[in-house]
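Here the structure is laid out as structure tokens; the discussion comes afterwards.
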Amino acid sequence: MPQTKPRARNQQEPVIVWLRDNLRLADNRALSAAARTGQPVLPVYVYDDASPGLRPLGGASRWWLHHSLAALAGDLDAAGARLNILRGAAGTIVPQLAQRRGATAVFWSRRYGGPERAVDTQIKTSLGELGIGAHSCNDLLLVEPWEVMTRGGEPFKVFTPFWRALRERGEPAPPLPKPRTLTAAAMSPPDALGGVTLDSLDLLPMRPDWAGGLRETWTPGEQGARARLTQFARSGLDGYMANRDRPDLTGTSRLSPHLHFGEIGIREAWHRVARASADHKVPHADAQKLLSELAWREFSNHLLFHTPDLATRNFQPRFDAFPWQPDRRQVRAWQRGRTGYPIVDAGMRELWHTGWMHNRVRMITASFLIKHLLTDWRTGEAWFWDALVDADAANNAASWQWVAGSGADAAPYFRVFNPVLQGRKFDPEGDYVRRWVPEIAGLPTAHIHAPWDAPASVLAAAKLELGRGYPKPIIDLDEGRARALAAFDTVKGR
DNA sequence: TTTTGAGTTGTTCGA
DNA sequence: GTCGAACAACTCAAA
Numbered sequence: 000m001p002q003t004k005p006r007a008r009n010q011q012e013p014v015i016v017w018l019r020d021n022l023r024l025a026d027n028r029a030l031s032a033a034a035r036t037g038q039p040v041l042p043v044y045v046y047d048d049a050s051p052g053l054r055p056l057g058g059a060s061r062w063w064l065h066h067s068l069a070a071l072a073g074d075l076d077a078a079g080a081r082l083n084i085l086r087g088a089a090g091t092i093v094p095q096l097a098q099r100r101g102a103t104a105v106f107w108s109r110r111y112g113g114p115e116r117a118v119d120t121q122i123k124t125s126l127g128e129l130g131i132g133a134h135s136c137n138d139l140l141l142v143e144p145w146e147v148m149t150r151g152g153e154p155f156k157v158f159t160p161f162w163r164a165l166r167e168r169g170e171p172a173p174p175l176p177k178p179r180t181l182t183a184a185a186m187s188p189p190d191a192l193g194g195v196t197l198d199s200l201d202l203l204p205m206r207p208d209w210a211g212g213l214r215e216t217w218t219p220g221e222q223g224a225r226a227r228l229t230q231f232a233r234s235g236l237d238g239y240m241a242n243r244d245r246p247d248l249t250g251t252s253r254l255s256p257h258l259h260f261g262e263i264g265i266r267e268a269w270h271r272v273a274r275a276s277a278d279h280k281v282p283h284a285d286a287q288k289l290l291s292e293l294a295w296r297e298f299s300n301h302l303l304f305h306t307p308d309l310a311t312r313n314f315q316p317r318f319d320a321f322p323w324q325p326d327r328r329q330v331r332a333w334q335r336g337r338t339g340y341p342i343v344d345a346g347m348r349e350l351w352h353t354g355w356m357h358n359r360v361r362m363i364t365a366s367f368l369i370k371h372l373l374t375d376w377r378t379g380e381a382w383f384w385d386a387l388v389d390a391d392a393a394n395n396a397a398s399w400q401w402v403a404g405s406g407a408d409a410a411p412y413f414r415v416f417n418p419v420l421q422g423r424k425f426d427p428e429g430d431y432v433r434r435w436v437p438e439i440a441g442l443p444t445a446h447i448h449a450p451w452d453a454p455a456s457v458l459a460a461a462k463l464e465l466g467r468g469y470p471k472p473i474i475d476l477d478e479g480r481a482r483a484l485a486a487f488d489t490v491k492g493r
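In structure tokens, the structure reads:
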């Protein structure tokens, strides 16, 4: 470690903290470790659109990143440091910056995707050759993907034993506080050493500016994240188990984008929920359910780490022969929220407007695309990647494969969600549908999830003409289901 | 090595 | 209207 070397360090020699998926000051091990050296700290974010293999960010993620970086820069500013933004291939830029600034070490938090790991490994080597320290830590997960394995030393493929093994490790480490003192490294102008301004990254949509719904819905940044967690712990956690399936209520935590960008630490989230349960402020079962959802995030990262091509290849190879029959017009209708199935359309429009979709509705819309429209899950995965503010390589891929039946511990193929039954069950008053599909809002609740079944008089009273104001169903549910089951028959038992 | 119990989220059909 | 079975076996993980 640099600070243990006998020779006294030149006070001007900085250390770099390279912030990536941990855009926060509290519970940030990389930042805290950098601060503990006592040397000036140079915080850096690298917008890497040049390294081979890295998946370009989707549109909604770019919007979020812009605001998250702006918030982080403000928070660092208040702590006496300045965020330096660089653009380009991290493998070149990071060692170069460290060398030119005379940094003695670089600190970062680990990433678990294949291309990201390749970049990080290369940088570790380059820094080593330059005699610069490289210190990685875990700021993303409760447990490293290689620390929880089966007794046979294999990665888990089933969630429940994984979750059991995770629990057997006991409480996760407590969250760290914000570093108390940050000695800022001497500033340099933004254009020195390849630095760029946030605006020059061009992350925000301009023509057209479609981000209005995102702005109304979200507050990116550490403060927004903590406010969301506090709000949820106070009023959402009690009853979570029952309410989490209801898209018409605010029943879920809505922490996913904040967790994805690391604006709040997973350890802080875990302990807040566990403490609320231990203090009997919320029912044990509600807290456990939320913790198990956090464990699904861990499981997805476990899968991605051990299966780096999770987003592009079927986890179960027998699905490689699956006879997909996508129809471009139908896929387009799905994307636009014009399938004629209200709960599906409501979900797709919520996604388009807010960059987020309720979890239950994600399953319904995904099942509809994959099974009723017989469209490869990768098509849906790509659409969500572009549209979700919480788009996450591990969660997105694992979840799409789960619905398709091609994934780990996946839903059985014969489980085909019926959008009408799902709508009636989880949006019983139709409030969610009315909110996002206003053209059918005048329908009575009895017909809100199946407008085509409404008598002509009811349609007229609701001022609705199917095929004009709102589409007729683009596919028959029974036929779609039968076609899906027949298609699955061809890969069954392979 | 073999055995055993179990596996996020559903729908349909027929008694 | 309600309820259990069928749907498809298969693989995982641990004993």
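Taken in order, the first sequence gives residues 0 to 493; the numbers are from numbering that gives the first Met the number 0. C-beta atoms are modelled at their ideal positions from N, C-alpha and C, and glycine is treated no differently.
4 or more residues per run - each alpha helix (DSSP H) lying fully within the segment 191 to 237 = Correct list: 211 to 216 and 221 to 230.
Do the segment 158 to 176 and the segment 47 to 66 touch if we need at least three Cβ pairs shorter than 8 Å?
-> Result no; under three Cβ-Cβ pairs closer than 8 Å.
Does DSSP put T444 in a helix, a strand or coil?
-> Here residue 444 is taken as the residue at index 445 of the first sequence, counted from 1. Correct three-state label for T444: helix.
Helix or strand or just coil, what does DSSP make of G479?
-> Here the question's residue 479 lines up with position 480 in the first sequence. In this structure, G479 counts as helix in the three-state DSSP scheme.
Reference S135, options Q230, V105, T338 and L236, closest by Cα | Within the first sequence, numbered from 1, the residue matching residue 135 stands at position 136. Selection Q230, V105, T338 and L236 evaluated against S135 yields V105 as nearest (Cα-Cα).
Nearest-angstrom Cα separation, counted from L126 out to Y431 = What you label residue 431 is simply residue 432 of the first sequence in a count that begins at 1. What you label residue 126 is simply residue 127 of the first sequence in a count that begins at 1. If I take the Cα positions, the gap works out to 53 Å.
Best match in Q315, R100, A69 and A89 for proximity to V490 [C-alpha to C-alpha] | Taking the first residue of the first sequence as position 1, residue 490 is located at position 491. Minimum Cα distance to V490 is reached at Q315.
Can you pull the DSSP bridge partners for W107?
-> The count along the first sequence starts at 1 and reaches residue 107 at position 108. Per DSSP, W17 and S135.
What are the boundary residues of the beta strand (DSSP E) that I84 is part of?
-> Residue mapping note: residue 84 aligns to position 85 of the first sequence, counting from 1. Looking at the DSSP string, the run of the beta strand (DSSP E) that includes I84 is N83 to R86.
Inter-residue spacing [alpha-carbon to alpha-carbon] between V496 and R423 | No answer is possible for residue 496: it lies beyond the span of the chain, which begins at 0 and ends at 493.
Do you know offhand how far A461's Cα is from G339's?
-> Start at 1 with the first residue of the first sequence, and residue 461 comes out as number 462. Start at 1 with the first residue of the first sequence, and residue 339 comes out as number 340. Each residue's alpha carbon lies about 16 Å from the other.
Hey, is the segment 283 to 300 in contact with the segment 142 to 160, meaning 3+ C-beta pairs nearer than 8 Å?
-> Short answer: they touch.
DSSP beta-bridge partners for A183?
-> Looking up residue 183 in the first sequence gives position 184. V40, per the DSSP bridge assignment.
Measure the CB-CB distance between L387 and Q324 and report whether it falls below 8 Å.
-> Walking along the first sequence from the start, residue 387 turns up at place 388. Walking along the first sequence from the start, residue 324 turns up at place 325. Not a contact, by the Cβ cut-off of 8 Å.
Coarse secondary structure for Y46, derived from DSSP in three states | Here residue 46 refers to the residue found at position 47 of the first sequence. Shown here, Y46 sits in a strand according to DSSP, grouped into three states.
What's the C-alpha gap between V281 and R225?
-> Start at 1 with the first residue of the first sequence, and residue 281 comes out as number 282. Start at 1 with the first residue of the first sequence, and residue 225 comes out as number 226. Answer to the nearest angstrom: the Cα atoms are 19 Å apart.
Identify which residue in G112, P39 and I92 has its Cα closest to the Cα of P307.
-> Against the first sequence, residue 307 aligns to sequence position 308. Proximity to P307 across G112, P39 and I92 peaks at G112, based on C-alpha coordinates.
Which of the three DSSP states, helix, strand or coil, is assigned to L141?
-> As a first step, residue 141 is located in the first sequence; it is residue number 142 there, counting from the start. Note: L141 maps to coil in three-state DSSP.
Helix, strand or coil for Y469 per DSSP?
-> Residue 469 sits at position 470 when you count from the first residue of the first sequence. It is a strand residue.
Would you check if there are 3 or more beta carbon pairs closer than 8 Å linking the segment 240 to 251 to the segment 132 to 148?
-> Counting C-beta pairs closer than 8 Å gives fewer than three between the segment 240 to 251 and the segment 132 to 148, which falls short of the contact rule.
Measure the C-alpha to C-alpha separation of L71 and E221 and round it to an integer number of angstroms.
-> One-based indexing of the first sequence puts residue 71 at position 72. One-based indexing of the first sequence puts residue 221 at position 222. Rounded to whole angstroms, the separation of the alpha carbons of E221 and L71 is 7 Å.
Spatial neighbours of R23 within its chain, please: CB distance less than 7 Å, with the 5 preceding and 5 following residues excluded, ordered by chain position.
-> Reading the first sequence from its first residue, position 24 is the one you call residue 23. Same-chain partners within the cutoff: E221, G261, E262, I263 and G264.
Flag this pair as yes or no: are the beta carbons of Y239 and L202 separated by less than 8 Å?
-> Within the first sequence, numbered from 1, the residue matching residue 239 stands at position 240. Within the first sequence, numbered from 1, the residue matching residue 202 stands at position 203. No. Outside cutoff.
What do you reckon, are the CB atoms on L463 and I439 nearer than 8 Å?
-> Sequence index remark: in the first sequence, residue 463 carries index 464 (1-based). Sequence index remark: in the first sequence, residue 439 carries index 440 (1-based). Yes, Cβ-Cβ distance for L463 and I439 is below 8 Å.
Hey, I342 and P418 are a contact pair by Cβ (cut 8 Å); roughly how many whole angstroms apart?
-> Position 343 of the first sequence holds residue 342. Position 419 of the first sequence holds residue 418. Between P418 and I342 the Cβ distance is about 5 Å, and since that is below 8 Å, they are a contact.
Inspect the beta-carbon positions of T182 and V40 and report whether they are closer than 8 Å.
-> In the first sequence, the residue the question calls residue 182 occupies position 183. In the first sequence, the residue the question calls residue 40 occupies position 41. Yes.
Express the C-alpha separation of K370 and A483 in angstroms, rounding to a whole number.
-> In the first sequence, residue 483 corresponds to position 484, counting from 1. In the first sequence, residue 370 corresponds to position 371, counting from 1. Whole-angstrom Cα-Cα distance: 5 Å.
Start and end residues, alpha helix (DSSP H) containing V343 = Start at 1 with the first residue of the first sequence, and residue 343 comes out as number 344. DSSP places V343 in the uninterrupted alpha helix (DSSP H) bounded by P341 to T353.
Beta-carbon proximity check, I15 vs A78, cutoff 8 Å | Within the first sequence, the letter at position 16 stands for residue 15. Within the first sequence, the letter at position 79 stands for residue 78. 8 Å or more divides the Cβ of I15 from the Cβ of A78.
Mind checking whether V45 and L82 have CB atoms under 8 Å apart?
-> Within the first sequence, numbered from 1, the residue matching residue 45 stands at position 46. Within the first sequence, numbered from 1, the residue matching residue 82 stands at position 83. No; because the gap between Cβ atoms is not below 8 Å, this pair is not in contact.
Given W376, which residues of its chain have a CB within under 6 Å of its CB, disregarding the five upstream and five downstream residues?
-> Sequence index remark: in the first sequence, residue 376 carries index 377 (1-based). Excluding positions up to five away in sequence, the list reads I369, W399 and A403.
Would DSSP call Y412 helix, strand or coil?
-> Translated into the one-based positions of the first sequence, residue 412 becomes position 413. Coil, per DSSP.
Just to confirm, are P207 and W63 a CB contact at a threshold of 8 Å?
-> The count along the first sequence starts at 1 and reaches residue 207 at position 208. The count along the first sequence starts at 1 and reaches residue 63 at position 64. Contact flag unset, no.
Mapping DSSP to helix, strand and coil, what is K462?
-> On the first sequence, position 463 is the one that residue 462 refers to. Note: K462 maps to coil in three-state DSSP.
Taking the alpha carbon of V93 as the point to measure from, which residue in G441, I131, F367 and W451 has its own alpha carbon closest?
-> Looking up residue 93 in the first sequence gives position 94. Cα-wise, what sits closest to V93 is I131.
Same chain, Cβ closer than 7 Å to D190, neighbours up to 5 away in sequence not counted | Residue numbering aside, residue 190 sits at position 191 when the first sequence is read from its first letter. Low local confidence applies: a pLDDT of 49 at D190 is under 50, so the model's placement there is unreliable, with the coordinate-based value given in what follows. For D190, where only same-chain residues beyond five positions count, there are no Cβ hits under 7 Å.
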